[in-house]
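Engineer: This is the structure I have questions about; it appears just below.
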Ligand code: HEM
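Residue numbers (the numbering used here), protein chains in the order written: chain A, 1305 to 1648; chain B, 351 to 892.
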C-alpha cells in the first residue's frame, strides 16, 4: 500500500516534469517570438500555453508531494529528495502567484528550467524510497523549520532569476556613457528619504529632479531606435521591464526570503536546543545557514548604502543564492556534521 | 563622489575625513569612529563576517568534534600545526573571528544609539511642514473639488485616519501688492514603526550577543552514562565529564536525582531506529518524586537543568570469580555500540582478582542478535534488539596497569603486561581461549583462573546535562529581532502633504504629494484613495 503510494508520487513527479518541459519550450517559443519582433501586439499564444502547462505541472507536483507524505506517513520534507521537491514547488508556485497580478511570463523559461533541473537532480540522484524518519528527525520542529527553509529557498531562487534578468537588462541598456552610478537603484526617486527637516528636502530638490530623470533616460533608450534594437537580443531585452523594475521585484522577494530565512535560522536554533542540547554549535550546516543570512543582510545594507549601483547589490543577492544552494547540496553531501543524518 | 542617500539619522562617513592640516589625535579618533560607524564599513564587516565564518565548515572544529581534529593531525602532519597557529581548528574562538564580530557590533552600537536618539525625537515631533513645491515628487496630483477648503481639510484629515499623524496648518503669503493670502495645508506621516522596528531589530541583535556571552560564563554541561536500575545524582562526582563557564560555582549544582527505570527502543524491520524512550523517576530538589521520560528531541527538565538523551546501548551484567572462587567483580559493564545493529565493544577489568596479584581482563563484543556461520563462527549481529544476545570475549591475565597513575580509558584494555588465556581445541591443539556465553550462562576460564557469568542484559543511556540560563533570553531577543525585522521591512513609511487653495465659488484646488521611504509599490494608490475621499473631482491635472 505504502509502496504503491510512493510509486504514484514518483510518477506524479515525472508527470510534473513533463508539464514543465512543455511549458519551458512554450516559454522559449514566446521569448524568441519577442526576439524576432514579429508582431509586438500579437496574442502571445505560446505564453498562454506555457502558463497553463505550468499550472498543470504545479498541480501534479503538489499532488506528488502530498502522496509522498501519505506514503511515508509523515511530513514530506525529511530528506534531500523531498526537500528538492518542496523548494522547486514553492518556486513555481511563487512565480504563478506573481503572474496572477502582473505579467512576469518573461522569467517563465528560467523558472521552469530551474524546476526541471531541480526535479531532474531529485529523481536521478537524490531519490530514496518513502519511509519513516529516525528519532532525531521526529519532531514538530521538522514541520516548521524545514518547511520554512524550503519556502525560503523557493522565494530566493525566484528572486535570483529576476536578478539575473536585471543584470542582463542593465548590461544591455548600458549604451556608451554609463557614468551614472544610479545610487538610487533601490526605488527611483521614491526611495528618497523622508527627511525630518523640510529645508533639507528643499536643498535636495535638484538631486531629486536629477534622479527622476535617470529612469526616463533609460526608458527612452529602451524604446528608442538604438542600433541594438535591431538585433534579436536587443529586441528581447527591449521587451523586458526596466532593470529598475526588475530590481525592485527582486528586492521585494529578497526581503520576504530574508525574513523566512531568519525564521529558519531561529527555528533551527530552537530545534537544536531540543535535540542536541545547544541552540548553536557551528555545525557546518549551521555555519552555512548563518553565512547565507549574513550575505543577505549585507545585500539589504548595500541597497541603502550611498554610492552603490543597483547592479552591485544584484551580485550580492546572486552570491547569496549560490550560498543557499551550496548550503543544501554541497554541505549535505560533502561535509560531515550533525545534519548528516538528513542523508541523501 | 556619488550622491548619498543617508538613512535617516545616519550621516555617512564620506564627508567626515579629517579636515585641515593637523586633525590631531582627537580628530583622528573621531574620524576612525565615524568610519567605523558608517554604513559602508558596516557592510564591509558583514561581508567579512561571512568570509571568516566559513573556514570552520571546511576544517574540523575542536568545539564540534575534537576527534576529527586529532584525525586531521594524523592525516596532515605537516600542515596541521600551521593551521593550529592560525586558529583554524577553533575558528569561532579565534582572535580574527572575534575581532570581526566585535568590530561589527561596535559599529552597530555606534550607529544605532544616535539613530535611536534621533528617532525618539522624531516620535515626539509634528509632521513636517508642507514643502514649497511638489514638482519634484513623482507621486503627486492636482485637482479641484466642489467644497470649501475648510470642509475639504476636515474630510482629508478624516480620510487619513488615525494611522497617520496629522497636522493642519495655515500658510500666509504676502504678494507683491502687499495683500496676504491664506492657504490651508495638511501634513501627515505614518509608519514610524518602520524605523522603530529597524532599531528594535538591531538592538535585539546586541541583546542576543550579550546574553550569549553571559551564558558562556555561567553555563555548565556534563555527560553521564546511566544503566537501567541505577540513579544519577547531580553532583560533580556524578558526571563522567564536565565543563563550565568562568562564573560557574560548583555548589550551585541543584540537588536532584533520577533513576533510570527502563529504556525502550523501537526499530523498523530493517533495523532503522524509530524511537528511544528512557523512563525515569525524578527526585526534584524539593524532595518530591515524579515519573517522566527522556526522549530524543524531548529533553527532561529538572529545575534549570535539561537532560538530553544522546546515546544508548547495552551494559551486560557480568560476575567474575577468580582462581579462589571469590567474586572479584560483579555488575553491568557498558559496551559501546559500533553500528546500527548494536554490535558493541567493551572491556571488563577485574583489578581485584586474586588479591590483585594476577588481575583479570576481558575484551570483546556483544552481539544482540547473533548470527552464526555454518562453521559455527559468529558473523555479527542481525538486529539491534536482544533477540539472541551472545557475548564473545578474549580473556587476559596479568597486570592491568591501573596503578600507574595514568588515567585509564575504561573502554580500552591495555594488554601489554597481560597474557591471553589459551585453551585446546577438539584436536588437542592450543588456541586462544574465547568466552562465548548467552544470558544465564557461566564459562569456566582455562587453567583454573576462575569463571565468568553473564547474568542479564540491561541497557544504558548516555546523557548530556546542561544548565544555561541564557537560553530563554536568547529566545526573547530572537523573537524581538524577528518582530523588529518584519516591521522594518514591511511597514510602509509615508508622508502625505496637501495644499488646499480657495478656488472660488466654494471650490478648492487641492495639490497633494506623497513620499515613501524605500520601495512602496502602492504609494500612488494610497494618494488616490485619500483624494477620492474628497468627493467628485471637477478638474484633474497630474
Ligand atoms: C550584526 C550586524 C547587522 C545585521 C545582521 C544587520 C541587519 C540588518 C537588516 C536585515 C536590515 C534590513 C532592514 C531594512 O532593510 O529595513 C538592516 C537595516 C539597516 N541597518 Fe543593519 N545590520 C547590522 C549592522 C548594522 C550596522 C553596524 C549599521 C550601521 C552602521 C546598520 C545600519 C542599518 C541601517 C541604517 C538600516 C536601515 C536601512 C533602511 O533604511 O531600510 N546595521 N540591518
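Backbone N, C-alpha and C fix where the C-beta goes; we use that ideal spot for every residue, glycine too.
None of these values were measured; they are calculated from a predicted model.
1) Contact check, residue 1430 of chain A vs residue 1384 of chain A under 8 Å by CB: the rounded distance?
2) Comparing C-alpha positions only, which one of A:1615, A:1338, A:1583 sits nearest to residue 822 of chain B?
3) Give a yes or no on whether 8 Å exceeds the smallest Cβ distance from residue 1442 of chain A to chain B.
4) Please tell me whether residue 806 of chain B and residue 819 of chain B are closer than 8 Å, where the distance is taken between their beta carbons.
5) Just mark residue 1651 of chain A as buried or exposed, buried being the case when its beta carbon has 16 or more other beta carbons within 10 Å.
6) Return the residue from the list B:466, B:520, B:855, B:595 that minimises the CA-CA distance to residue 543 of chain B.
7) Determine whether the Cβ of residue 1637 of chain A lies closer than 8 Å to any Cβ atom of chain B.
8) Rounded to the nearest angstrom, what separates residue 447 of chain B and residue 398 of chain B at their Cα positions?
9) Taking Cβ positions, are residue 530 of chain B and residue 524 of chain B nearer each other than 8 Å?
10) For residue 390 of chain B, which residues in chain A fall below 7 Å Cβ to Cβ?
11) Taking 8 Å as the cut-off, decide whether the C-beta atoms of residue 714 of chain B and residue 743 of chain B are in contact.
12) Give the range of the beta strand (DSSP E) segment to which residue 800 of chain B is assigned.
13) In whole angstroms, what is the alpha-carbon distance linking residue 1510 of chain A and residue 488 of chain B?
14) Which chain A residues sit within Cβ distance under 9 Å of residue 548 of chain B?
15) Going along the chain, which unbroken runs of the alpha helix (DSSP H) with 4 or more residues stay wholly within the stretch 1350 to 1417 of chain A?
16) Measure the alpha-carbon distance for residue 1492 of chain A versus residue 1548 of chain A and round it to whole angstroms.
17) What residues of chain B sit near residue 1577 of chain A, judged by a beta carbon separation below 8 Å?
18) Just to confirm the assignment, what range does the alpha helix (DSSP H) spanning residue 597 of chain B have?
19) Write down every uninterrupted run of the alpha helix (DSSP H) in the stretch 851 to 887 of chain B whose length is 4 residues or greater and which is fully enclosed by it, in chain order.
20) Can you tell me the Cβ-Cβ gap for residue 798 of chain B and residue 673 of chain B, rounded? I've got them flagged as a contact below 8 Å.
21) Against chain E, does residue 1401 of chain A count as a neighbour if the rule is that its beta carbon must be under 8 Å from one of theirs?
22) Looking at the strands, I want to know which residues DSSP matches up with residue 656 of chain B.
23) Starting from the Cα of residue 1328 of chain A, find the closest Cα among A:1359, A:1436, A:1307 and give me that residue.
24) So which residues on chain B does residue 1552 of chain A lean against when the C-beta distance must stay under 8 Å?
25) Beta-carbon separation of residue 509 of chain B and residue 856 of chain B under 8 Å?
26) For the putative contact between residue 1368 of chain A and residue 1332 of chain A, defined by C-beta atoms under 8 Å, what is the C-beta separation to the nearest angstrom?
27) How many Å lie between residue 1482 of chain A and residue 1460 of chain A at the Cα?
28) Taking Cβ positions only, does residue 1449 of chain A come closer than 8 Å to chain B?
29) Would you say residue 872 of chain B and residue 628 of chain B are within 8 Å of each other, going by their C-beta atoms?
30) For residue 1571 of chain A, which residues from the same chain have a beta carbon less than 7 Å from its beta carbon, with the 5 sequence-adjacent residues on both sides left out?
31) Would you mind sorting residue 1398 of chain A into buried or exposed? The rule is 16 or more other CB atoms within 10 Å of its CB.
32) Closest Cβ-Cβ distance between residue 1587 of chain A and chain B: below 8 Å?
33) When you measure from the CB of residue 868 of chain B to every non-hydrogen atom of the ligand SAM, does any distance come out below 7 Å?
34) Taking Cβ-Cβ distances below 8 Å as the criterion, which residues of the stretch 651 to 671 of chain B are in contact with chain A?
35) In or out: residue 500 of chain B buried (at least 16 other Cβ within 10 Å) or exposed?
36) Counting pairs of beta carbons, one from the stretch 1616 to 1625 of chain A and one from the stretch 431 to 444 of chain B, are three or more of them closer than 8 Å?
Structural biologist: Looking at the atomic coordinates:
1) Contact check for residue 1430 of chain A and residue 1384 of chain A: beta-carbon distance about 5 Å, within the 8 Å limit, so the pair qualifies.
2) A:1583
3) yes
4) For residue 806 of chain B and residue 819 of chain B, no; Cβs fall outside 8 Å.
5) One cannot answer for residue 1651 of chain A here, as it falls past the ends of chain A, which runs 1305 to 1648.
6) B:466
7) no
8) 9 Å
9) yes
10) 1609
11) yes
12) 800 to 806
13) Bear in mind that a pLDDT of 31 at residue 1510 of chain A, under 50, signals an unreliable position, so the number given afterwards is only what the model happens to contain. Rounded to whole angstroms, residue 1510 of chain A to residue 488 of chain B spans 13 Å at the Cα level.
14) Identification of chain A residues near residue 548 of chain B by a Cβ-Cβ cut-off of 9 Å yields none; the smallest Cβ-Cβ distance measures about 10 Å.
15) Within the stretch 1350 to 1417 of chain A, the runs of alpha helix (DSSP H) that reach at least 4 residues and sit entirely inside it are, in chain order, 1384 to 1405.
16) In this predicted model, residue 1492 of chain A has a pLDDT of only 35, less than 50, meaning its place in the structure is not dependable enough to derive any value.
17) 821
18) Under the DSSP assignment, residue 597 of chain B falls outside any alpha helix (DSSP H); it carries neither an H nor an E label.
19) 873 to 882
20) Correct: roughly 6 Å between the Cβ atoms.
21) No chain E is present in this structure, whose protein chains are A and B.
22) B:651, B:816
23) A:1359
24) 869, 871
25) no
26) The Cβ separation is near 24 Å, so there is no contact.
27) Confidence is the limiting factor: at residue 1482 of chain A the pLDDT is only 38, short of 50, which leaves the residue's position unreliable and the question unanswerable from this model.
28) no
29) It is not a contact, given that the beta carbons lie outside the stated cut-off.
30) Short of 7 Å from the beta carbon of residue 1571 of chain A, and not among the five residues preceding or following it, lie these beta carbons of its own chain, in chain order: 1445, 1448, 1449, 1452.
31) Counting Cβ neighbours within 10 Å, residue 1398 of chain A comes out buried, since at least 16 surround it.
32) It does; some Cβ of chain B falls within 8 Å.
33) Of the ligands this structure carries, namely the ligand HEM, none is the ligand SAM.
34) 656, 658, 660
35) Exposed: under 16 other Cβ atoms inside 10 Å.
36) no
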